[in-house]
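Notes to accompany the following structure.
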Amino acid sequence: MSVENVPDPTLLGADSAIIAVERTAICGSDLHLYHGEIGGQGIHLGHEFVGTIVETGPDVRRVKKGDRVLVSAVVGCGHCDPCLARDPVLCTGGGPRVFGTTLEFHGGQAEFCAVPAADSCCLAIPDNVSLEQSVLLTDILPTGYTGAMNANIKPGSTVAVFGLGPVGVFALQTAMLYGPSRILAIDRVPERLARAAALGAEPIDASDGQAVARILDATKGRGVDSAIEAVGADATITDAILSVAAGGTISVIGVNMNMEFPYPMPLAFMKRLTLKAALVSVPATWDHLVPLIANGKLQPEEVFTHRLPLSQAADGYRIFDKREDGVLKVLLDPSE
Ligand SMILES: [Zn+2]
Ligand SMILES: [Zn+2]
Numbered sequence: 003m004s005v006e007n008v009p010d011p012t013l014l015g016a017d018s019a020i021i022a023v024e025r026t027a028i029c030g031s032d033l034h035l036y037h038g039e040i041g042g043q044g045i046h047l048g049h050e051f052v053g054t055i056v057e058t059g060p061d062v063r064r065v066k067k068g069d070r071v072l073v074s075a076v077v078g079c080g081h082c083d084p085c086l087a088r089d090p091v092l093c094t095g096g097g098p099r100v101f102g103t104t105l106e107f108h109g110g111q112a113e114f115c116a117v118p119a120a121d122s123c124c125l126a127i128p129d130n131v132s133l134e135q136s137v138l139l140t141d142i143l144p145t146g147y148t149g150a151m152n153a154n155i156k157p158g159s160t161v162a163v164f165g166l167g168p169v170g171v172f173a174l175q176t177a178m179l180y181g182p183s184r185i186l187a188i189d190r191v192p193e194r195l196a197r198a199a200a201l202g203a204e205p206i207d208a209s210d211g212q213a214v215a216r217i218l219d220a221t222k223g224r225g226v227d228s229a230i231e232a233v234g235a236d237a238t239i240t241d242a243i244l245s246v247a248a249g250g251t252i253s254v255i256g257v258n259m260n261m262e263f264p265y266p267m268p269l270a271f272m273k274r275l276t277l278k279a280a281l282v283s284v285p286a287t288w289d290h291l292v293p294l295i296a297n298g299k300l301q302p303e304e305v306f307t308h309r310l311p312l313s314q315a316a317d318g319y320r321i322f323d324k325r326e327d328g329v330l331k332v333l334l335d336p337s338e
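Position one of the sequence shown corresponds to residue 3 (the numbering used here), numbered consecutively onward.
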């Protein structure tokens, strides 16, 4: 990780805009690139960013120069039917892309970023939503919410959330909107378990590898109705599958790159399990999440534990990767 001077970006087409970035965050999924598991050398990272539009192409209509906008981490062509319905994951015009994950598509951990299909991936930031709150609407709050949405949570039911990083915390908080009677919160880190307990969940310490047994204990052997997996590791996805009751739903939002994940077919068959794994269609969530923030029902900015100038991004990555200093989420400010 290094911070370098590069040429300013130029418009990517008539529907494109240039954003002067005001805040950007480091994501858990950036660590896959940091470790070279995906991507390659020389990628301009960053898919969580907000800022002011400084230039637009002639076809941009819904946002304009001078608007302060948040930008969806996931963007489609902007013109096909799914994109027009704010569902870029189903884009038929080239498929969804995530900023800052390939050499060709530069990200927003930068002073300026070029955004394609600006009308579909930018949202003008409402007055009563802060910059820090807006950054969290570009990916991880929508991702956590997608985990809850796909978990088929019914009023009075029992939910388990695996992984209590920022995305898991958001999954937990948005799961509560569906009215479950209990949420079991699983992690190995004591501070994370304490935070979940403070939010009203029942902490389950997984540090000895016995999470499934504890969940079955806590549910009289039945298992939970819904499990949300916010880690992306084979082990936690397997634990989630083993923790749900017959007829239950597993909702995976952690990033897992294993093409040969061992799904226990006999169990899925005999217990009629449903597994959903989904990349988030960020813009589809804004109508739900923006009012929750604007009216004070959600305070997502509480996840930011570290705020650094962009020039110190390398330190930010190191701290985040090594989980130093109680870090949960790192915010970077390009103006400093
Ligand atoms: Zn992210
Ligand atoms: Zn499209």
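In this text, a Cβ means the ideal position worked out from N, Cα and C, and glycines have one as well.
Using 8 Å for Cβ pairs, my map puts A26 next to E57. What's the rounded Cβ distance? For this step, residue 26 is matched to residue 24 along the sequence shown. For this step, residue 57 is matched to residue 55 along the sequence shown. Inspection of the sequence shows that residue 26 is occupied by Thr rather than by Ala. T26 to E57, Cβ: 19 Å. No contact.
Suppose you measure from the CA of Q175 to the CA of N152; what does that come to, to the nearest Å? For the purposes of this step, residue 175 is taken as the residue at position 173 of the sequence shown. For the purposes of this step, residue 152 is taken as the residue at position 150 of the sequence shown. Those two C-alpha atoms are separated by around 14 Å.
Who pairs with C115 in a beta bridge, going by DSSP? As a working mapping, residue 115 is identified with position 113 in the sequence shown. According to DSSP, C115 bridges with I21.
Minimum C-alpha distance to D2 - residue among D32, Y147, P98: The displayed coordinates of the chain run from 3 to 338. Any statement about residue 2 would go beyond what the structure contains.
Given the structure, does G15 come close to ligand 2, in the sense that its CB is under 7 Å from one of the ligand's heavy atoms? Within the sequence shown, the letter at position 13 stands for residue 15. It does not: the Cβ of G15 is nowhere closer than 7 Å to a heavy atom of ligand 2.
CB of I21 to nearest heavy atom of ligand 1: below 7 Å? In the sequence shown, residue 21 corresponds to position 19, counting from 1. Because no heavy atom of ligand 1 lies under 7 Å away, the Cβ of I21 does not count as near it: no.
Does the distance from the CB of S283 to the CB of R88 come in under 8 Å? Start at 1 with the first residue of the sequence shown, and residue 283 comes out as number 281. Start at 1 with the first residue of the sequence shown, and residue 88 comes out as number 86. In contact: S283 and R88 (Cβ atoms closer than 8 Å).
Would DSSP call A232 helix, strand or coil? For the purposes of this step, residue 232 is taken as the residue at position 230 of the sequence shown. Coil at A232, not helix or strand.
Please write down, chain order preserved, every residue whose beta carbon lies under 5 Å from a heavy atom of ligand 2. With the cut-off at 5 Å, the residues found are G78, C79, C82, C85, C93, G95.
Within its chain, find whatever has a CB closer than 6 Å to the CB of M3; leave out the 5 residues flanking it on each side and keep chain order. The residue you call residue 3 lines up with position 1 of the sequence shown. Within the same chain, A316, Y319 come within 6 Å of M3 by CB-CB distance, once the 5 residues on both sides are set aside.
Given a cut-off of 8 Å on the beta-carbon distance, is the pair I230 and F306 in contact? Sequence index remark: in the sequence shown, residue 230 carries index 228 (1-based). Sequence index remark: in the sequence shown, residue 306 carries index 304 (1-based). No.
So is the beta-carbon of C115 under 7 Å away from any non-hydrogen atom of ligand 1? To locate residue 115, count along the sequence shown from 1; it is residue 113. C115 Cβ: outside cutoff for every heavy atom of ligand 1.
I need the straight-line Cα distance from P60 to G250, nearest angstrom please. Stepping through the sequence shown from its first residue, residue 60 is reached at position 58. Stepping through the sequence shown from its first residue, residue 250 is reached at position 248. Whole-angstrom Cα-Cα distance: 49 Å.
For P266 and L14, what's the separation of their Cα atoms in angstroms? Numbered from 1 along the sequence shown, position 264 holds the residue referred to as residue 266. Numbered from 1 along the sequence shown, position 12 holds the residue referred to as residue 14. Cα-Cα distance, rounded: 45 Å.
Whole runs of the alpha helix (DSSP H) within the stretch 225-270, excluding any shorter than 4 residues: As summarised for the stretch 225-270, the continuous alpha helix (DSSP H) elements at least 4 residues long and confined to that stretch are 236-245, given in chain order.
R70 burial status per 10 Å Cβ neighbour count (16 or more: buried): Residue numbering aside, residue 70 sits at position 68 when the sequence shown is read from its first letter. The residue in question, R70, is buried, as its Cβ has 16 or more Cβ neighbours within 10 Å.
Ignore the nearest five residues each way along the sequence and tell me which others in H108's own chain have a CB closer than 6 Å to its CB. Mapped onto the sequence shown, residue 108 falls at position 106. H46.
Do you know offhand how far G80's Cα is from L186's? Walking along the sequence shown from the start, residue 80 turns up at place 78. Walking along the sequence shown from the start, residue 186 turns up at place 184. Rounded to whole angstroms, the separation of the alpha carbons of L186 and G80 is 39 Å.
CB-CB under 6 Å to L244, same chain, minus the five flanking residues each way: which ones, in chain order? Within the sequence shown, numbered from 1, the residue matching residue 244 stands at position 242. For L244, where only same-chain residues beyond five positions count, the Cβ hits under 6 Å are V214.
Cβ-based neighbour list, E204, same chain, cut-off 6 Å, excluding 5 preceding and 5 following: Within the sequence shown, the letter at position 202 stands for residue 204. Cβ neighbours of E204 within its own chain (closer than 6 Å, five residues either side excluded): L186.
Out of S183, M178, Y180, L166, which one is the CA nearest neighbour of E193? Counting from 1 along the sequence shown, the entry for residue 193 is found at position 191. Measuring from the Cα of E193, the nearest candidate turns out to be L166.
Output the distance between the C-alpha atoms of A237 and P264, rounded to the nearest integer angstrom. The count along the sequence shown starts at 1 and reaches residue 237 at position 235. The count along the sequence shown starts at 1 and reaches residue 264 at position 262. Using only the alpha carbons, I get a separation of about 10 Å.
Distance check for P311 and L269, CA to CA, integer angstroms please. Residue numbering aside, residue 269 sits at position 267 when the sequence shown is read from its first letter. Residue numbering aside, residue 311 sits at position 309 when the sequence shown is read from its first letter. Straight across, the Cα-Cα distance linking L269 with P311 is about 49 Å.
Could you tell me if the beta carbon of S31 falls within a distance shorter than 7 Å of some heavy atom in ligand 1? Taking the first residue of the sequence shown as position 1, residue 31 is located at position 29. Yes, the Cβ of S31 comes within 7 Å of a heavy atom of ligand 1.
Pairwise C-alpha distance: Q111 and A162: In the sequence shown, counting from the first residue as 1, residue 162 sits at position 160. In the sequence shown, counting from the first residue as 1, residue 111 sits at position 109. One alpha carbon belongs to A162, the other to Q111, and they sit about 33 Å apart.
Using only alpha-carbon positions, find the residue among G149, R274, G95, A75 that is nearest to S253. In the sequence shown, the residue the question calls residue 253 occupies position 251. Of the candidates G149, R274, G95, A75, the one whose C-alpha sits nearest the C-alpha of S253 is G149.
Note the first and the last residue of the continuous alpha helix (DSSP H) segment covering T145. Translated into positions along the sequence shown, residue 145 becomes position 143. Residues 142-151.
Please identify the residue among C82, A19, G102, S74 whose C-alpha is closest to the C-alpha of D32. Within the sequence shown, numbered from 1, the residue matching residue 32 stands at position 30. Residue G102 is the option with its Cα nearest to D32.
Taking Cβ to Cβ, would you say S122 is nearer than 8 Å to P285? Within the sequence shown, the letter at position 120 stands for residue 122. Within the sequence shown, the letter at position 283 stands for residue 285. Yes, they are a contact pair.
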